[in-house]
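If you read the protein sequences in the order shown, they are chains A and B. Each step along the first sequence adds one to the number in my numbering, with nothing skipped, and position 263 is 989. Each step along the second sequence adds one to the number in my numbering, with nothing skipped, and position 159 is 198. Note that CB positions come from ideal geometry on N, CA and C, so glycine has one too. The structure presented is a predicted model; accordingly, all values stated were derived computationally and were not measured.
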Amino acid sequence: MKVLRFLKEFISELIAITRKELKTIFTDSGVLLILIIAGFGYPILYSTVYLNESVDEIPVGIIDECGTSYSRSFASKIDATREVALESCVNMEDAINRMKKREIHGIIVIPKEFSKDIQTGKQTVVSLYVNMATFFIYKNIAMACNYVMLNENKNISLQRLSADGLTEQEALQSAEPLRNKMNILFNEGNGFASFFVPGVLVLVIHQLLFLGIGMVSGTRREENSNHKLSEEEIPHKKKVQRYIWGQGFAYFLIYLLIGSYILILVPRIFGLPHYASAWDIYRLLVPFLLAVIFFSQTCSVFIRNRETGMVMFLFFSVILLFLSGLTWPVSSFPAFWKWFSYIFPGTFGVQGYIKINCMGSDFSVIRPEFIALWTQAIFYFITACFSYRYINK
Amino acid sequence: MLNCILNVFLREKDIMFSRPIYLYGTILVLAFCAIFFVSLMYQGLPQRVPVGVVDKDNSYLSRNAIKQMEALQGIEIAHYYGSHQDARLAMQKGEIYGFIEFPEDLYVNTVNGLRPTVPVYYTEAYMIPGTLAYKSFLQMANVLNAGVRRTTMRAKGVPEADIMPQLQPISIDTHSICNPWTSYAIYLISIIWPGILSLCIIVMTVFTIGFELKNKTTPDLLEKAGGSIFNALVGKLLPYFLIYLLLGLSFVVFAYKVFGFPLLGPAWVMALNITMLVLASHAVGLFFIGLFPVLRDALSAASLYSILALSMCGMTYPVEMMVAPMQGFAQIFPLRQYYLIYVKWAMLDSGIRDCWINMLGLCIFFFLPFLILRRLKDAMINLNYPTK
Chain A
727 MKVLRFLKEF
737 ISELIAITRK
747 ELKTIFTDSG
757 VLLILIIAGF
767 GYPILYSTVY
777 LNESVDEIPV
787 GIIDECGTSY
797 SRSFASKIDA
807 TREVALESCV
817 NMEDAINRMK
827 KREIHGIIVI
837 PKEFSKDIQT
847 GKQTVVSLYV
857 NMATFFIYKN
867 IAMACNYVML
877 NENKNISLQR
887 LSADGLTEQE
897 ALQSAEPLRN
907 KMNILFNEGN
917 GFASFFVPGV
927 LVLVIHQLLF
937 LGIGMVSGTR
947 REENSNHKLS
957 EEEIPHKKKV
967 QRYIWGQGFA
977 YFLIYLLIGS
987 YILILVPRIF
997 GLPHYASAWD
1007 IYRLLVPFLL
1017 AVIFFSQTCS
1027 VFIRNRETGM
1037 VMFLFFSVIL
1047 LFLSGLTWPV
1057 SSFPAFWKWF
1067 SYIFPGTFGV
1077 QGYIKINCMG
1087 SDFSVIRPEF
1097 IALWTQAIFY
1107 FITACFSYRY
1117 INK
Chain B
40 MLNCILNVFL
50 REKDIMFSRP
60 IYLYGTILVL
70 AFCAIFFVSL
80 MYQGLPQRVP
90 VGVVDKDNSY
100 LSRNAIKQME
110 ALQGIEIAHY
120 YGSHQDARLA
130 MQKGEIYGFI
140 EFPEDLYVNT
150 VNGLRPTVPV
160 YYTEAYMIPG
170 TLAYKSFLQM
180 ANVLNAGVRR
190 TTMRAKGVPE
200 ADIMPQLQPI
210 SIDTHSICNP
220 WTSYAIYLIS
230 IIWPGILSLC
240 IIVMTVFTIG
250 FELKNKTTPD
260 LLEKAGGSIF
270 NALVGKLLPY
280 FLIYLLLGLS
290 FVVFAYKVFG
300 FPLLGPAWVM
310 ALNITMLVLA
320 SHAVGLFFIG
330 LFPVLRDALS
340 AASLYSILAL
350 SMCGMTYPVE
360 MMVAPMQGFA
370 QIFPLRQYYL
380 IYVKWAMLDS
390 GIRDCWINML
400 GLCIFFFLPF
410 LILRRLKDAM
420 INLNYPTK
């Protein structure tokens, strides 16, 4: 009976704190803007920015110094790729001028001796000039040109061998004794949005919650002249935990809803990869949200004013993106930054989400991330207790 | 007038030392970012991307291929797997970014001229390591094929000098302009650090003025400035401007002189460019606080805006390929103009002829504060906006 009474008391107190926190959130326009409006708007904005997914038909200048039918057919093969659209240039000067105006993003030069070299069995060198200022443009032009070159080389070898009197089968055996087949696994369409946006979605949740909670606790400390985190005095130490539970639960409820929208609905609306079932997403989302909420509550020690959180931690969104291993591979991280990245729930959240939702992994694959997030949730709950106690001392 | 500005300047200096946030938001953040990016990407391009091997053949040929793979700089064999499923699982776990599968009887089938297929798998879910793995595999596959053919040709007595043209009649010589090492670090740091600089300036400008509005200390500020809003703002922002300008110029010196990021154009263009970026960012910050003379609203709006700049400047995904409304939207970020000036003038030495429009674009930002000057002054005198 004693247990029951305790539980009843605990729950009713929890509900009271949660309701109070919800009221604080929904009566504060600044918090609403960050937590709710940005929560709904940002995913749409990011998905729209990269809506076109791939970068096709990039204008590239061609200078055909050879001018034979063979060089023209080689050029037209490059033009036929999905990535590149050729625009002929008179000479190098013309091409460079157009590149400076950003009318073209690369220059291909077919040398004068192109046809002659191939016919006489010499190696010929086609020059490609690209600018790496836009990563995707660089990557696609280089890939398209390489693909055409490899294919053309094979054709030339076949022709030569046929000319030597080999049958088609023999020529193939000689020109390409091993066939290689390049297969993309996961993000087969090689789309930029499918690669980039899912990670950003997880970080949007992370950062909005962090900044939102920072704002609420900053305001509360500001309004209490002695910089405490709750309006009432906390009578005995046990209650600190109840505040953390109760306030955290309010954010948890809101972000269970917004999180579902961001991680389940948005990928379906914008045609981003969505392999994971809703159940699996929730299994990841719950520890992720708890870890982020307790982490933010822990950090609220440093936020003494309503606005300082934003000034201090906005830039960190960029850092978190890199720490998540989305762009720069984790295998190339210096040891220090690798360990540093384990501090933030975002690292495991992004990795876990990409693995189940973009790569279609079984939930068992992200067991390490799952365990890490729960560990963080427990660890940050404890640190949040210390934080709250420190502030309310 | 100069006296007034000096008064405000000195007043601001005291404020800056009164709380750690001012020092943090100016110097610490940007120093941290510089150290972070340089130390994270000191390799330039990721080296030794982990890949896997599934060798069902285990013959002279497959072992030779593995040896060739080990010699490649871009990849490193992290693990050998017994089956396709195991390797695929390792890829899902993020342990490897690609793998090659040597089928059974590879050697026998090759010798018999059956042209067996050697499949390679790589992932684009992690685009950079995946693409690097692809490049290395492609290179290896060609070397492997060439190896078999070379052996045949030598046996036939083809002179050594004639072998290469036979194997690769056309070769492409790729010149990566202003980044001959195709270094990811150079490409990224050139824009991302100025991007964070711009973000810090916008947020800090909003904060420092908004904080006075909130604490109702603006009448004192105006008094010190002799009642002129212009003097007040210039004096107030001058110390920040000087710090940020110093940081920006040292970035230019470090990046383009000390570390030697290549430029075809003159380096002073970058100094001019970053000075204009600093000014434009201050102007945007002023515009936000003038538009919403309430600290919290201005700060929220400015944050949501400024974090977008890094995506909208077009460094990874080209603006030209975005949907039409987004192409227009990209123009409202100073960083977009900074990026274009960098690419056109500093990188390709286009001269002012091809990028005056971008210079003009940056200059337009300077005039934004004049739109809200009156409104901001009223707010500063009357303090008629909520402070919470």
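When the five nearest sequence neighbours on each side are left out, the beta carbons in the same chain lying within less than 7 Å of the beta carbon of V992 of chain A are those of P769, S773, L927, in order along the chain. Here the region 967-975 of chain A makes no contact with the region 1057-1077 of chain A; the two share fewer than three CB pairs at distances below 8 Å. Secondary structure at D890 of chain A: coil, using DSSP grouped into helix, strand and coil. Beta-bridge pairing by DSSP links G83 of chain B to no other residue. At a cut-off of 9 Å between beta carbons, G196 of chain B makes no contact with chain A.
Secondary-structure assignment with DSSP links E115 of chain B through a beta bridge to B:P89. With respect to the 9 Å criterion, I970 of chain A and F1020 of chain A are classified as neighbours on the basis of their beta carbons. Ranked by Cα distance from Y160 of chain B, the options A:F912, A:Y873, A:L898 are led by A:F912. Within the region 303-380 of chain B, the runs of alpha helix (DSSP H) that reach at least 4 residues and sit entirely inside it are, in chain order, 307-330, 334-345, 348-351, 363-368, 373-380. With three or more CB-CB distances shorter than 8 Å, the region 284-302 of chain B counts as touching the region 227-240 of chain B. F75 of chain B reaches chain A at I1045, F1048, W1063, counting residues in chain order whose Cβ is nearer than 8 Å.
By the 16-neighbour rule on beta-carbons within 10 angstroms, R731 of chain A is exposed. If one requires a minimum length of 4 residues, the alpha helix (DSSP H) runs lying completely within the region 731-796 of chain A are 755-758, 764-775, in chain order. Neighbours of V157 of chain B in chain A, taken as residues whose beta carbon is under 8 Å from its own, are L904, R905, N906, K907 in chain order. Under the Cβ criterion of 9 Å, M818 of chain A is not counted among the residues facing chain B. H932 of chain A: member of the alpha helix (DSSP H) spanning 918-949, first to last residue. In the three-state reduction of the DSSP assignment, R905 of chain A falls in the strand class. Here D782 of chain A is exposed. Its C-beta has fewer than 16 other C-beta atoms within 10 Å. Here G1086 of chain A has Y1001 as same chain residues with Cβ atoms under 6 Å from its own Cβ, once five neighbours each way along the sequence are excluded. Interface residue (Cβ-Cβ distance to chain A less than 9 Å): L111 of chain B is not classified as such. Sequence-distant Cβ neighbours of Q107 of chain B in its own chain, meaning closer than 6 Å and more than five residues away, are M179, V182. In the DSSP annotation of this structure, the continuous segment of the alpha helix (DSSP H) that includes H123 of chain B starts and ends at 123-131. For I139 of chain B, the uninterrupted beta strand (DSSP E) segment begins and ends at 137-141.
When the beta-carbon positions are compared, P332 of chain B and G274 of chain B stay at least 9 Å from each other. Minimum Cα-Cα distance from L379 of chain B among the listed residues A:M825, A:N872, A:I980 corresponds to A:M825.
Of all residues in the region 230-253 of chain B, only I230, I231, G234, I235, L238, C239, V242, M243, V245, F246, G249, F250, K253 come within less than 9 Å of chain A when Cβ atoms are compared, listed by chain position. For L1099 of chain A against A1004 of chain A, the beta-carbon gap comes to about 18 Å, at or over 8 Å, which does not count as contact. Against chain A, the CB of S339 of chain B has a partner CB under 9 Å away; the residue lies at that interface.
If you look at P59 of chain B, you'll find it in the alpha helix (DSSP H) that goes 59-62. Within the DSSP secondary-structure output, T247 of chain B pairs in no beta bridge.
For L286 of chain B, the three-state secondary structure derived from DSSP is helix.
By the Cβ-count criterion, S122 of chain B is exposed, with fewer than 16 other Cβ atoms from all chains shown falling within 10 Å of its own Cβ. Contact between the region 1090-1107 of chain A and the region 1031-1050 of chain A is absent: fewer than 3 CB-CB pairs across the two stretches fall below 8 Å.
Any Cβ of chain A closer than 9 Å to the Cβ of M386 of chain B would place that residue at the interface, and such an atom is present.
Taking a 10 Å sphere around the C-beta of A363 of chain B, we find fewer than 16 other C-beta atoms and assign the residue as exposed. Nearest neighbour of R392 of chain B by Cα position, chosen from A:N872, A:R828, A:F996, A:L1046, turns out to be A:R828.
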